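S.K.:
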Amino acid sequence: MPEPSPTSPAPLDHERATNEHYIRTVEQKQTARRQLSAGIASTPSAKWTDTSSTIGRHLRRIYALIGRVGLITDDEDLGTSYYIGDTYVPASEMNAESCVISWTAPAAKIFFQGQDTQNPVPDPRSLAARRTFRAHNDQLVNYEDELEAGVNPVSAFRMKPAEMIIPAPPSSSPDPSRTLPVISERGPQEQQAKAPDPGPKMHRPSSDRPKQLRAEGLVLKSLDTPRTGRLPSVLNTLQPDQYRCVTWPADTPLLLQGNPGTGKTVIATYRALYLTHVERPEQRLRRVALVGPTEAWKHHVASLISDAGADGVDVINLEGMIRDTAKGSWHALHHKSQRWFKVDRSIYRIALGACKKLNQQGRLHLKKTEATKQLIEVLCTRTPIHRDLARGQELSQWLLGIKSYSEARKRPDCLLLFAAISVALERHNRRDRNPFPLDSYDHIIVDEAQDIRGVEWAILHEMCRDSGTWSIIGDINQRRADYTFGSWKDLISKLKVGDPEDDNAVQILNIGYRSTQQINRFAKSLIAGLPEEWRSTMLRNGPEPIVEKVASKQLKSKVLHHIDRLTKSYPEGTTAVIGTDLADIARSATRAGWRRREQDPMLHNNQGHKLMLADHIQARGLEFDGVVIVEPVDFPKNLGRDGPLYTSLTRANQELVVIHTKKLPDKLRRRSRHRT
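Numbering (our numbering), first residue to last: 597 to 1272.
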């Protein structure tokens, strides 16, 4: 299809037609591959040896085109214009002069990073313009152009050197709510601007932190889109610092500190897709684990992984994995009786050591259930194995207080001990019918890493191959307990995933895309002494948080009032109530018509609205249009920090409400004094 002339139909119509042709072409190819693979035989052992054909295994969703790149000079392979999508389609099959390349291809870097990219092909100096598309139900509804200095917007995507003119300065900034195409321009001073060197500190912003947003109008538009409870496709508006982390070399650990709303979960998810993408044949990893904290988090990200048809990505809910590994213990994974010596990495060390000693003595039972009982007995009574392995008075006394296997099964604080024993036995003999995934992953991506405990790190380590690497993503300020790593330097040192003395070891994200400036200021009042390079820049304004003190008898009715108000204000989005004890509120919500659907963490009512009742643990990594915090003073603290409360306050995308009958925490009381 030829490029439209200035008198042709609007460019958006041309791009819509191109997008529809692209989706239809890829779907036809995918169907043909699936039909071909149906006739390919495989050996019975193929599913165990990973030698079976993967052609056409999934009919994955084909997402709309995400953008287009225009060049000043003709590139031998790409021409003067090419599109960015999920999979490669040559120009000959697009019936156009422009091909489509995958977002994972090296030539796509220039779309995400502009002239700052280090990619040699195409030459960044030849960049004329970038067009970012916005889609709804895979149909293009809008686009935004970013032009390099001296580029004529009329001919940006069929450039010749002779056509370059200096455009007049824009009369006003783009309106993100408009439905017509948006044009933005970069002046030479913005092309050459460099982020200042913050000096020899351990944490500093990435050198490619943008001075302005890429596709800013579309970013702001997407931020006002209702939160559905599932992670949406945001590849089109991925920012340069986010893209840099997504495409971080697989053989180098990625350590990422991100403030709330900076896109940590987005990066984690797209990194999993990038590392396993079929169009990276030389660098593609066979198996990647994407690990997050809860079942609700898994529900949040899994659809994006599934829709992409990602072969090789396992989405793992850490809480569920620990319970499944412990086999038979259904206690809460997080509880008030936890102490550092009950969750420390040494728990796995003693479990593995006890396995080895019993085996050397010829006593280790072959059946896993019986072997588990043996290990509990020798570790929890005064045996030579206990004396040799249970180093430290607190650890020894705790184990001796358990006394027996039957007693251990009753105790919530033994859940991690059972999980450690199960993995240790698997490591030792691998005789289980459904084995734990030992040495299974080429790369493990950990989201919400600040809350992973020592024994959990040890178990995750056993899942990683000897040559495997890590992406560790979190926010130390949201740390909810004293017994997890208190700093990135401590984490790097203990896990041996880099050089703790390296000033550039940790990448920093500090542009916030979720909450408003008002919510961010309110939440940040809980954090003292935040390093300057960790301070967030929030993109949007919004209403000030509402702080209401009520009588105890009015608490439920006031919470239900705000649930009703927020769900009506954001009918296509989600609302959350977060607190430490929501049992009464849950009963009231049930009486008001809210019901839970199978395998869905949300409650739903007959008007189609969505609500989640959660504690601070369940809310981690999630986002909601409106959030109601109940009794903030009851949220647990760690070493004087308010990590759990801070995490919960920052889940709100649009509005935040705080309702209390008790005294507010001092830091919040000072911030909310004039709004109570």
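A virtual CB, placed ideally from N, CA and C, is assigned to each residue, including glycine.
Remember, predicted model here, so these are calculated numbers, not experimental data.
#1: Does DSSP put T614 in a helix, a strand or coil?
#2: Between which residues of its own chain and K1017 is the CB-CB distance below 6 Å, once the five residues before and five after are set aside?
#3: Just to confirm before moving on: does the CB-CB distance between V1229 and H1256 stay below 8 Å?
#4: For the alpha helix (DSSP H) that contains A1054, what are its first and last residues?
#5: Considering Cα atoms alone, identify which of G825, K923 and I1072 is closest to T965.
#6: Between which residues of its own chain and T713 is the CB-CB distance below 6 Å, once the five residues before and five after are set aside?
#7: Does DSSP put E973 in a helix, a strand or coil?
#8: Between P856 and G1108, is the Cβ-Cβ spacing less than 8 Å?
#9: Would you list, in sequence order, the uninterrupted beta strand (DSSP E) runs of no fewer than 3 residues that lie entirely inside the segment 1166-1231?
#10: How would you call N955, buried or exposed, if buried means at least 16 neighbouring beta carbons within 10 angstroms?
#11: Grab the span of the beta strand (DSSP E) containing K913 for me, first residue to last.
#12: Residues in the same chain with beta-carbon distance under 6 Å from P686, minus the five sequence neighbours each way, listed in chain order, please.
#13: With K894 and V911 assumed to form a contact (beta carbons below 8 Å), what rounded beta-carbon distance in angstroms separates them?
#14: Let me make sure I understand the geometry here. Which of L975, A1119, A606 and L661 has the alpha-carbon closest to that of R620?
#15: Which partner residues does V1253 have in the DSSP bridge list?
#16: Please report the residue range of the alpha helix (DSSP H) in which E689 lies.
#17: Output the boundary residues of the alpha helix (DSSP H) element that contains D837.
#18: Looking only at DSSP bridge pairs, what is Y678 linked to?
#19: Looking at G1169 and P718, is the spacing between their C-beta atoms short of 8 Å?
#20: Within a Cβ cutoff of 7 Å, which residues of the same chain sit near G1189, ignoring the five residues on either side of it in sequence?
#21: Could you say which of Y618, E1251, R987 and S1083 lies nearest to Y684 if we only look at CA atoms?
#22: How many whole angstroms separate the CB atoms of R1247 and L1218, which I take to be in contact at a CB cut-off of 8 Å?
#23: Since Y659 is in the alpha helix (DSSP H), which residue starts that stretch and which ends it?
#24: Given a cut-off of 8 Å on the beta-carbon distance, is the pair K1152 and D1180 in contact?
#25: Which residue wins for smallest C-alpha separation from D1086, given the options D1062, M1059 and A1045?
#26: Can you find the residues in the same chain that come closer than 8 Å, C-beta to C-beta, to D1095, ignoring five residues on each side of it along the sequence?
#27: When you compare each of A731, V622, G1064 and I1048 to L831 by their alpha carbons, which one comes out closest?
#28: Rounded to whole angstroms, how far is the Cβ of I1040 from the Cβ of A885, which I believe are closer than 8 Å?
#29: Measure the Cβ-Cβ separation of R1007 and I998 and say whether it is below 8 Å.
#30: Give the range of the beta strand (DSSP E) segment to which R730 is assigned.
#31: For N691, count the other beta carbons within 10 Å of its own beta carbon; 16 or more makes it buried, fewer makes it exposed. Which is it?
#32: On the criterion of 16 or more Cβ atoms from any shown chain inside 10 Å, does D1098 qualify as buried, or is it exposed?
#33: Buried or exposed for P980, going by 16 or more other Cβ atoms inside 10 Å?
#34: Are L869 and I901 close, meaning C-beta to C-beta below 8 Å?
#35: What is the DSSP secondary structure of I1104, counted as helix, strand or coil?
#36: N1073 by DSSP, collapsed to three states: which one?
M.R.: With the given structure in hand:
#1: Of the three classes helix, strand and coil, the one that applies to T614 here is helix, per DSSP.
#2: Reading off the sequence shown, one finds Ile at residue 1017, where the question assumed Lys. Excluding the 5 residues flanking it on each side, I1017 has same chain C-beta neighbours closer than 6 Å at A947, T968 and L971, in chain order.
#3: yes
#4: G1050 to M1059
#5: K923
#6: K705, I706 and P720
#7: helix
#8: yes
#9: 1170-1174, 1206-1210 and 1220-1226
#10: Exposed, by the Cβ-count rule.
#11: According to the sequence displayed, residue 913 carries Asn and not Lys. Looking at the DSSP string, the run of the beta strand (DSSP E) that includes N913 is V909 to N913.
#12: C695
#13: Confirmed, about 6 Å.
#14: L661
#15: I1142 and V1224
#16: A687 to M690
#17: P836 to V842 is the span of the alpha helix (DSSP H), which, as asked, contains D837.
#18: V665, per the DSSP bridge assignment.
#19: no
#20: N1201 and N1202
#21: Y618
#22: 6 Å
#23: Premise fails: Y659 is in no alpha helix (DSSP H) and is neither H nor E.
#24: For K1152 and D1180, yes; Cβs fall inside 8 Å.
#25: A1045
#26: I1088 and A1101
#27: That would be A731, whose Cα lies nearest to the Cα of L831.
#28: 5 Å
#29: yes
#30: Note, R730: beta strand (DSSP E), L723 to H732.
#31: exposed
#32: With fewer than 16 other Cβ atoms within 10 Å, it is exposed.
#33: exposed
#34: In contact: L869 and I901 (Cβ atoms closer than 8 Å).
#35: Per DSSP, reduced to three states, the secondary structure at I1104 is strand.
#36: Here N1073 sits in helix by DSSP.
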